[in-house]
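Peer 1: Supplied in structure tokens, the structure appears directly below.
Protein chains: 2
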Amino acid sequence: MTVVGIIAEYNPFHNGHLYQLEQARAKFPDATIVVAMSGNFLERGEPACVDKWTRARQAIIAGVDVIVELPLVFCVQPADRFALGAVKILKQLGVEKLFFGAEHATYDFNAMAQKTLDVHGDFSKYNESYAAAYQRVVQEKLGYSVDQPNDLLGLAYAKANLRVGSPFEMVPLQRVVAGHHDLTLKKTQRIASASAIRKQLVMHNETETRNYVPLATYETLSAQKIVSWANFWLLLRYQLETSSLGDIRRLYDVSAGLEYRMKQQLEPLAKDATFDDWIKAVKSKRYTYTRLARLAVTILVQVTNEDVRKIETNPYIRLLGFSSRGQLHLNKVKKNCSYPIIVKVDKKNKENLLCVDYRAGNVYALASGVSQDLKRAPIRFQ
Amino acid sequence: MTVVGIIAEYNPFHNGHLYQLEQARAKFPDATIVVAMSGNFLERGEPACVDKWTRARQAIIAGVDVIVELPLVFCVQPADRFALGAVKILKQLGVEKLFFGAEHATYDFNAMAQKTLDVHGDFSKYNESYAAAYQRVVQEKLGYSVDQPNDLLGLAYAKANLRVGSPFEMVPLQRVVAGHHDLTLKKTQRIASASAIRKQLVMHNETETRNYVPLATYETLSAQKIVSWANFWLLLRYQLETSSLGDIRRLYDVSAGLEYRMKQQLEPLAKDATFDDWIKAVKSKRYTYTRLARLAVTILVQVTNEDVRKIETNPYIRLLGFSSRGQLHLNKVKKNCSYPIIVKVDKKNKENLLCVDYRAGNVYALASGVSQDLKRAPIRFQ
Chain E
1 MTVVGIIAEY
11 NPFHNGHLYQ
21 LEQARAKFPD
31 ATIVVAMSGN
41 FLERGEPACV
51 DKWTRARQAI
61 IAGVDVIVEL
71 PLVFCVQPAD
81 RFALGAVKIL
91 KQLGVEKLFF
101 GAEHATYDFN
111 AMAQKTLDVH
121 GDFSKYNESY
131 AAAYQRVVQE
141 KLGYSVDQPN
151 DLLGLAYAKA
161 NLRVGSPFEM
171 VPLQRVVAGH
181 HDLTLKKTQR
191 IASASAIRKQ
201 LVMHNETETR
211 NYVPLATYET
221 LSAQKIVSWA
231 NFWLLLRYQL
241 ETSSLGDIRR
251 LYDVSAGLEY
261 RMKQQLEPLA
271 KDATFDDWIK
281 AVKSKRYTYT
291 RLARLAVTIL
301 VQVTNEDVRK
311 IETNPYIRLL
321 GFSSRGQLHL
331 NKVKKNCSYP
341 IIVKVDKKNK
351 ENLLCVDYRA
361 GNVYALASGV
371 SQDLKRAPIR
381 FQ
Chain C
383 MTVVGIIAEY
393 NPFHNGHLYQ
403 LEQARAKFPD
413 ATIVVAMSGN
423 FLERGEPACV
433 DKWTRARQAI
443 IAGVDVIVEL
453 PLVFCVQPAD
463 RFALGAVKIL
473 KQLGVEKLFF
483 GAEHATYDFN
493 AMAQKTLDVH
503 GDFSKYNESY
513 AAAYQRVVQE
523 KLGYSVDQPN
533 DLLGLAYAKA
543 NLRVGSPFEM
553 VPLQRVVAGH
563 HDLTLKKTQR
573 IASASAIRKQ
583 LVMHNETETR
593 NYVPLATYET
603 LSAQKIVSWA
613 NFWLLLRYQL
623 ETSSLGDIRR
633 LYDVSAGLEY
643 RMKQQLEPLA
653 KDATFDDWIK
663 AVKSKRYTYT
673 RLARLAVTIL
683 VQVTNEDVRK
693 IETNPYIRLL
703 GFSSRGQLHL
713 NKVKKNCSYP
723 IIVKVDKKNK
733 ENLLCVDYRA
743 GNVYALASGV
753 SQDLKRAPIR
763 FQ
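Pasting the structure below:
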């Protein structure tokens, strides 16, 4: 029996994601499909449009067998760290083949990963962003540029796979139809980008999304409050106003001086300014929108350096849901799994391993109105 | 020329306050009236219904000559500390006669103060509140109970006056008509309690308040957003959710164990619970509603022990407004005033002396929508 792994955000789960699952089932009809999904805050530094339980349910109904939450400290990260966090978890869950979408599915991601394995971390130029520097160095190593978002993620997965001893066969799937940043919904198609779908959801045009998402997704989206940075901006602004420079400095990944700039740029903002207005005021050649948006999540949820260190050295797996096939698989892998598999939040783990995810859930719930972790059991699906 | 001092909150300025000013002018027609007023958060642990500038303007139009802001660290305090902070400031401003309302204006407040001067601070019983213990010990010393709010404040002023060398003659004025906690507006009267007026304001019944406030107050109240704890509850809840126990412990006056109880009582609360629901869940015989509400302001504005110590050892006077008579008086007293008189917020003082008041203003502005301190000059009135 084949075990297929997928790293996803499902923000929200749409027909493109369904197509990926169908491709996996077509190739491996008896596959168990295991997904590591971001929780309530996502890789690009934004809140999920609906909470992790809703998105996990959408995925399980569509055919995923096991879905686990990628801890926030791996989630709200540049691609390389995001990928490594997810790959380690999927390795523990016995994944054999890693499926991922790519703009260029013909690339040899393994070979590319070999050549660029040492490209990461500190770049010394102060007038370019991390992302720009990364792409520049990758281009130098490969002789051609990799600049499409899914290709870059695929490369990050391949590098992470190499780093943990290559447990996976890499299976790129050609991304169809929608570009990652394409914000229009095309009437003749059934697949659109998640961004285009979210754009309609935020404007309360749920009906516009009907053609592009499975029915179960459509129904949950219509019933739920759609969340965006607009719902957290007041809280973030309040946090920045009441935090001292020292308070901000002890948070994860705050470069020297940035704490000052982030607070200072609040002052001239109008009282009705938006999250975007603030980010644009803080932005520079060195600090991209996405980097700052990730930091905004760090500040909103108050993720400290200590939190990240603790979770990196004590990784865990948080189970969100499973099918009956998934349950059999979990029973099989848990013997050899060296990470604790957490099925519910209790008094002890919410103050230890799970402290950041629990806090993130509580913050998210202030906007969504739906309690996230206490008394929640994993979703079971026959 | 007589200098009359008043300690006030003006939440909002109403006909009862006007009556007090008229009494002072009747007795001393040439008096300069100097007021120390709470800023945006008040003695009983609540946000002011309208901001300090609006309330200062209401008072100046009604005849106050100099109005200064009582720093938040003296403001959101039990009566004795509130009184001492205000009395010290009024002494620096050359006040000779301290006017205050009392339920029993015939009391000899000086004599009562002599007998109870040492009643303050730690009471060891754990099953009664500070307020209850204080009243019990005062009753033992005097032979009769003092339990009306304005009498208790008057006693606190008299004790503070003794402590700073009795610079003031104490002038109690019989409180007329409205009881402090009377929440009804009586059509045949022109004076109502501030609580009764606020109750109507919060329900958007400004027109109901017309008979009980001066016209200038009425006009500003109709034009302004009325603020209450409801406007800050989301922020406070967010702050509590994201603060560690250690974060809360370093704040001012958090007794051991209370930080745990305050966080713990959030968990069972419904997502649509109110500030009141939370306070009532945390409340006990030992911790009264008011004590907890004050702590809530401390947490909301993140006032640390260090902040309070810094301001107590470096007191200052923040000028909110003055009349032309007030200006002459200020010119006269400033030579002998040993506290710095701050007329505007600048880069330096907002990070030092004024840091707490500036932060409180920024937090308040998140709800009121009106910037509080930057680029504001004292109100001048001919």
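Protein chains in written order, with this note's numbering: chain E, 1 to 382; chain C, 383 to 764.
Quick reminder that beta carbons are idealized off the backbone N, C-alpha and C, glycines included.
From a predicted model like this one, the values you see are computed outputs, not experimental measurements.
1) Can you give me the C-alpha to C-alpha distance between G165 of chain E and Q114 of chain E, rounded to a whole angstrom?
2) Per the contact definition of three or more C-beta pairs closer than 8 angstroms, is the region 358–371 of chain E in contact with the region 299–317 of chain E?
3) How would you list, in chain order, the residues of chain C whose beta-carbon sits under 9 angstroms from the beta-carbon of E306 of chain E?
4) When Cβ atoms are compared, which residues of the region 217–247 of chain E fall closer than 7 angstroms to chain C?
5) Give the interface partners of L649 of chain C over in chain E, defined as CB-CB distance under 8 angstroms, in chain order.
6) Is there at least one non-hydrogen atom of the ligand ZN closer than 8 angstroms to the beta-carbon of E649 of chain C?
7) If distances are taken between C-alpha atoms only, which option among E:N15, E:L366, E:M112, E:E43 comes closest to I7 of chain E?
8) Give me the subset of the region 729–760 of chain C whose CB atoms are less than 8 angstroms from a CB atom of chain E, sorted by chain position.
9) So is E654 of chain C buried or exposed if we call it buried at 16+ other beta carbons inside 10 Å?
10) When you compare the CB of V301 of chain E with every CB in chain C, is at least one pair closer than 9 angstroms?
11) Could you tell me which residues DSSP puts in a beta bridge with A484 of chain C?
12) Helix, strand or coil, according to DSSP, for E391 of chain C in the structure here?
13) For V50 of chain E, name the three-state secondary structure that DSSP assigns.
14) Is the Cβ-Cβ distance between N110 of chain E and L72 of chain E less than 9 angstroms?
15) Pull out every residue of the region 643–673 of chain C whose Cβ sits closer than 7 angstroms to any Cβ of chain E, in chain order.
16) How many whole angstroms separate the CB atoms of L245 of chain E and K225 of chain E, which I take to be in contact at a CB cut-off of 8 angstroms?
17) Using the Cα positions of V584 of chain C and I342 of chain E, report the straight-line distance between them to the nearest angstrom.
18) Which residues mark the beginning and the end of the beta strand (DSSP E) in which G703 of chain C is found?
19) Quick one: residues in its chain with C-beta nearer than 8 angstroms to the C-beta of L386 of chain E, no 5 flanking neighbours on either side, listed in chain order?
20) Please name the residue or residues paired with L633 of chain C in a DSSP beta bridge.
21) Looking at the structure shown, is V727 of chain C part of a helix, part of a strand, or coil, going by DSSP?
22) What are the partner residues of S386 of chain E, as DSSP defines its beta bridges?
23) From N734 of chain C to N696 of chain C, what does the alpha carbon distance come to, in whole angstroms?
24) If you scan the region 263–302 of chain E from start to end, which runs of the alpha helix (DSSP H) of 4 or more residues do you find wholly inside it?
25) Using the Cβ count rule (16 or more neighbours within 10 Å means buried), how would you classify E522 of chain C?
26) Going by C-alpha distance, which of C:A515, C:H486, C:R673, C:L499 is nearest Q530 of chain C?
27) In angstroms with no decimal places, state the Cα-to-Cα distance between N532 of chain C and P554 of chain C.
28) Taking the alpha-carbon of R572 of chain C as reference, which of C:P760, C:A747, C:G398 has the nearest alpha-carbon?
29) Residues bridged to T391 of chain E by DSSP?
30) Based on DSSP bridge pairs, tell me the residues matched to T414 of chain C.
31) Three or more C-beta pairs closer than 8 angstroms, one from the region 710–726 of chain C and one from the region 459–476 of chain C: is that the case here?
32) Taking H586 of chain C as the reference, which of C:E694, C:R439, C:V609, C:V595 has the closest Cα?
33) Specify whether the region 439–456 of chain C and the region 590–609 of chain C touch according to this definition: at least 3 beta carbon pairs, one from each stretch, less than 8 angstroms apart.
Peer 2: To lay it out plainly:
1) 12 angstroms
2) yes
3) Near E306 of chain E there are no residues of chain C at all, since even the closest Cβ is about 10 angstroms away, more than 9 angstroms.
4) L234, L235, R237, Y238, E241, T242
5) The sequence given here places Glu at residue 649 of chain C; Leu does not occur at that position. Those within 8 angstroms of E649 of chain C in chain E are L374.
6) Of the ligands one can find in the structure shown there are none, so the ligand ZN has no counterpart to examine.
7) E:E43
8) R741, N744, V745, A747, L748, G751, V752, S753, L756
9) One detail in the question is off: residue 654 of chain C reads as Asp in this sequence, not Glu. So D654 of chain C counts as exposed.
10) yes
11) C:Q556
12) coil
13) coil
14) no
15) E649, K653
16) Their Cβ separation, rounded to whole angstroms, is 35 angstroms, which puts L245 of chain E and K225 of chain E out of contact at 8 angstroms.
17) 46 angstroms
18) 699–705
19) Absent from the structure is residue 386 of chain E, since the part of chain E shown begins at 1 and ends at 382.
20) C:T686
21) coil
22) Outside the shown range of chain E (1 to 382) lies residue 386 of chain E, about which nothing can therefore be said.
23) 10 angstroms
24) 275–282, 289–301
25) exposed
26) C:H486
27) 10 angstroms
28) C:G398
29) The question about residue 391 of chain E has no answer, for chain E in this structure spans 1 to 382.
30) C:V385
31) yes
32) C:V609
33) yes
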